[in-house]
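Worksheet: the structure to be examined is printed underneath.
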Amino acid sequence: MDFVWKDYPAQYETEIESWCDEPAIRFALDEDSVIAEHKWYLNSDKYVHNENYFCKVVLDDTTPVALFMLAVFRDEARKFLSESIVYLDTLIINPTLRNQNFGSRIIADVIQNAEQIIGSRSNIFISQIRKDNGTAIKLATRLGFHLVCTETEKNHDWFDWVYPASKADRFLAYRENSAKI
6 MDFVWKDYPA
16 QYETEIESWC
26 DEPAIRFALD
36 EDSVIAEHKW
46 YLNSDKYVHN
56 ENYFCKVVLD
66 DTTPVALFML
76 AVFRDEARKF
86 LSESIVYLDT
96 LIINPTLRNQ
106 NFGSRIIADV
116 IQNAEQIIGS
126 RSNIFISQIR
136 KDNGTAIKLA
146 TRLGFHLVCT
156 ETEKNHDWFD
166 WVYPASKADR
176 FLAYRENSAK
186 I
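In terms of our numbering, the sequence shown is residues 6 to 186.
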């Protein structure tokens, strides 16, 4: 593992909130703060912290380089798939460290070490990316994610990206079948 992954500790709240001044980050957080988004997950009856929702501070040595929110869909996915789905929700890189390949390294670390980081392995990884977020699309493409989009979704603002690409058809079938329930 390249990084140290810690549960979102209070000692980093002020610093991480200061990373969120940009409109794109506020949009990704539904105009909320990291604290508000984290509390939304904690108060949801669908998510259980450190069971199917994870809020992690990513450290490079002792320096906080990112905050990463992830969700794992085990039971829902297993109705249709043999593996869990890891939803890569919100990744916020420390502004002083952007454009230094941290996003790629962090996502690759989650993919390679999901079992140690979030207790789940043999996964399909999903990221929803806004269609006008060229930086995130380039990153997803470079890491081997595959765009999953039906004809009816082409006018939407967000698209699902799946890793590994070999599981894209299975994920699409899961998504279509789970929507019927």
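Glycine included, each C-beta is placed from N, C-alpha and C at the ideal position.
Just curious, the beta strand (DSSP E) that residue i is in, first and last residue?
i, result
"THR68", "68-78"
"TRP10", "9-12"
"HIS151", "151-153"
In whole angstroms, what separates the C-alpha of residue i from that of residue j?
i, j, result
"SER183", "ILE131", "15 Å"
"LEU177", "VAL53", "25 Å"
"ARG135", "PHE164", "6 Å"
"GLU181", "ASN118", "29 Å"
"LYS172", "GLU56", "24 Å"
"ILE186", "THR67", "No answer about ILE186 holds up, because its pLDDT of 49 lies below 50 and its placement is not dependable."
"VAL62", "GLU22", "12 Å"
"ASP65", "TYR13", "15 Å"
"ARG192", "ALA113", "In the structure displayed, the chain extends from 6 to 186; residue 192 sits before or after that span and is not available."
Which class does residue i belong to by DSSP, given the choice of helix, strand or coil?
i, result
"LYS143", "helix"
"ASN128", "strand"
"THR19", "helix"
"TRP24", "coil"
"ASP65", "strand"
"ASP165", "strand"
"TYR52", "coil"
By alpha-carbon positions, which one of the options ends up nearest to residue i?
i, options, result
"THR95", "GLY124, PHE107, GLU42", "GLU42"
"ALA145", "PRO169, ASP37, ASP50, HIS161", "PRO169"
"ARG103", "ASP174, ASP12, TRP10, TRP24", "TRP24"
"LYS109", "LEU148, ASN160, TRP10", "Just to set this straight, residue 109 is Ser in the shown sequence, not Lys. Nearest option by C-alpha distance: LEU148."
"GLU158", "GLY139, GLN133, VAL91, PHE150", "GLN133"
"PHE138", "LEU93, GLU18, ASP162, ALA113", "The sequence as given places Asn at residue 138; Phe does not occur at that position. Checked all of LEU93, GLU18, ASP162, ALA113; the closest Cα to ASN138 is ASP162."
"ARG79", "LEU72, ASN106, PRO69, VAL91", "VAL91"
"ILE129", "TYR13, TRP10, TYR179, THR19", "TYR179"
"ALA15", "ASP65, CYS60, ILE112, GLU88", "CYS60"
"LEU72", "GLU18, THR140, LYS143", "GLU18"
"TRP166", "ARG175, ILE142, LEU152", "LEU152"
Would you say the beta carbon of residue i is closer than 8 Å to some non-hydrogen atom of the ligand GTP?
i, result
"THR95", "Here there are no bound small molecules, and the ligand GTP is not part of this structure."
Q | Whole beta strand (DSSP E) elements within the region 81-126, 3-residue minimum | A | Complete beta strand (DSSP E) runs here, min 3: 89-98.
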